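Residue 1297 is where the sequence shown starts when you use the working numbering, and the numbers rise one by one after that.
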Amino acid sequence: MRLLIVRHGDPDYDRDSLTEKGWREAEYLSQKLKDIRVKEFYVSPLGRARDTASCTLEKLGRQGVECEWLQEFTPRIFRPDKPKQRSICWDWLPQDWMEEESYFHYDTWHQSPALREGGVKEEYDRVIRAFDQLLAAHGYVREGKRYRAERANRDTLVFFCHFALGSVLLSHLLNVSPMILWHNTCAAPTSVTTVVTEERRQGIANFRMLSFGDTSHLYAKGEEPAFAARFCETYDSPGERRD
């Protein structure tokens, strides 16, 4: 089975939609996805993801399945650099989170006081429970850190969602800490991450990531990927955000 995790297009957060650039990105993405045989489309309820999906779904005359748990991952915590103000849990300064060894490990990343106080693991577990229920409905049942292939298949599922939420799904599939994915990767708007099952022994499956954040559909049209979710390349980079 193949999973395509798609981030929404360049966002207009004030309107929870897409910028003009974001709509172009979504159109170019649809030209890529329309030629793929997709079993099911799953869509975040947030406007920027639904708008991104709409370009593909309209071309195909298909409907997406809206999943509440695919909306952006938003638990809020007190970061070390902002001890009196709640911030999203996946946007730390490197000098803060990288000093804590537990953040680097799949089984311990959630044990710090800041993440425990913010209920981050509880929300993470809620999301991955729903995700595993969906995968089970498609024939793959979670057992420990791998999956039991009850109905092995070559179906393709597409998820239109968000960077931090997509990182949660990947961390679960790959058994890695989401803190690493949140802070050391960036899936650009409308990028496509591909994960596929491998069943080397009958009935025992794991997921392998074939590509992360693919934006080839943008380069094919001469469209530079949007900057959203990145921070300044150098401290004095003009027009690039630090926070």
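C-beta: ideal position from N, C-alpha, C; glycine also. For clarity, every value in this text was computed on a predicted model and none was experimentally measured.
For residue j and residue i, the rounded distance between their alpha carbons
{"i": "L1514", "j": "Y1531", "result": "27 Å"}
{"i": "R1333", "j": "V1423", "result": "26 Å"}
{"i": "S1473", "j": "R1496", "result": "25 Å"}
{"i": "N1280", "j": "L1411", "result": "Summary: the structure shown does not reach residue 1280, with the chain confined to residues 1297 through 1539, and so no result is reported for it."}
{"i": "A1525", "j": "K1317", "result": "15 Å"}
{"i": "C1528", "j": "I1500", "result": "43 Å"}
{"i": "C1385", "j": "G1415", "result": "10 Å"}
{"i": "G1518", "j": "C1482", "result": "20 Å"}
{"i": "D1403", "j": "R1442", "result": "15 Å"}
{"i": "F1523", "j": "S1463", "result": "18 Å"}
{"i": "R1372", "j": "R1382", "result": "6 Å"}
{"i": "V1492", "j": "T1352", "result": "21 Å"}
{"i": "A1484", "j": "S1340", "result": "17 Å"}
{"i": "W1388", "j": "F1508", "result": "22 Å"}
{"i": "M1297", "j": "Q1391", "result": "39 Å"}
{"i": "E1536", "j": "W1319", "result": "22 Å"}
{"i": "L1299", "j": "Y1338", "result": "11 Å"}
{"i": "L1465", "j": "T1348", "result": "19 Å"}
{"i": "E1413", "j": "Q1498", "result": "42 Å"}
{"i": "D1312", "j": "P1409", "result": "32 Å"}
Host beta strand (DSSP E) of residue i (start-end)
{"i": "E1494", "result": "V1488 to R1497"}
{"i": "E1364", "result": "Here E1364 belongs to no beta strand (DSSP E), and DSSP marks it neither H nor E."}
{"i": "F1508", "result": "I1500 to D1510"}
{"i": "L1300", "result": "R1298 to R1303"}
{"i": "R1442", "result": "R1442 to A1445"}
{"i": "E1439", "result": "Y1436 to E1439"}
{"i": "F1374", "result": "R1372 to F1374"}
Given residue i as reference, the closest of the options once Cα atoms are compared
{"i": "Q1359", "options": "Q1367, A1426, S1350 and R1425", "result": "S1350"}
{"i": "E1494", "options": "E1368, W1478, A1445 and K1417", "result": "A1445"}
{"i": "E1364", "options": "V1416, C1528, F1503 and R1425", "result": "R1425"}
{"i": "G1305", "options": "E1529, K1335, L1314 and V1488", "result": "L1314"}
{"i": "H1401", "options": "Q1391, D1387, S1467 and V1491", "result": "S1467"}
{"i": "D1428", "options": "F1369, G1509 and L1469", "result": "L1469"}
{"i": "V1302", "options": "K1355, L1329 and I1476", "result": "L1329"}
{"i": "V1488", "options": "E1321, I1384, Y1420 and E1418", "result": "E1321"}
{"i": "E1439", "options": "N1471, R1311 and A1522", "result": "N1471"}
{"i": "H1406", "options": "F1508, R1298, L1300 and I1476", "result": "I1476"}
{"i": "G1357", "options": "Q1367, E1336, D1421 and P1371", "result": "E1336"}
{"i": "D1331", "options": "K1355, G1535 and Y1338", "result": "K1355"}
{"i": "L1461", "options": "Q1367, R1311 and D1312", "result": "Q1367"}
Buried or exposed by the 16-neighbour rule on C-beta atoms within 10 Å, applied to residue i
{"i": "T1486", "result": "buried"}
{"i": "E1520", "result": "exposed"}
{"i": "D1510", "result": "buried"}
{"i": "L1506", "result": "exposed"}
{"i": "S1533", "result": "exposed"}
{"i": "P1307", "result": "buried"}
{"i": "F1369", "result": "buried"}
{"i": "Y1309", "result": "exposed"}
{"i": "V1361", "result": "exposed"}
First and last residue of the uninterrupted alpha helix (DSSP H) at residue i
{"i": "N1480", "result": "P1474 to N1480"}
{"i": "Y1324", "result": "E1316 to L1329"}
{"i": "L1465", "result": "F1459 to L1470"}
{"i": "E1354", "result": "G1343 to L1356"}
{"i": "E1336", "result": "Premise fails: E1336 lies in the beta strand (DSSP E), E1336 to V1339, not in any alpha helix (DSSP H)."}
{"i": "I1384", "result": "From DSSP, I1384 is part of no alpha helix (DSSP H) but of the beta strand (DSSP E) over R1382 to I1384."}
* Okay, do the segment 1418-1435 and the segment 1444-1457 touch, 3+ Cβ pairs below 8 Å being the bar? -> yes
* **Cβ pair count under 8 Å reaching 3, the segment 1369-1383 against the segment 1330-1345** => no
* **Cβ contact check for the segment 1509-1526 and the segment 1315-1329: 3 or more pairs under 8 Å** => yes
* Sufficient close CB pairs (3 or more, under 8 Å) joining the segment 1395-1407 to the segment 1457-1465 -> no
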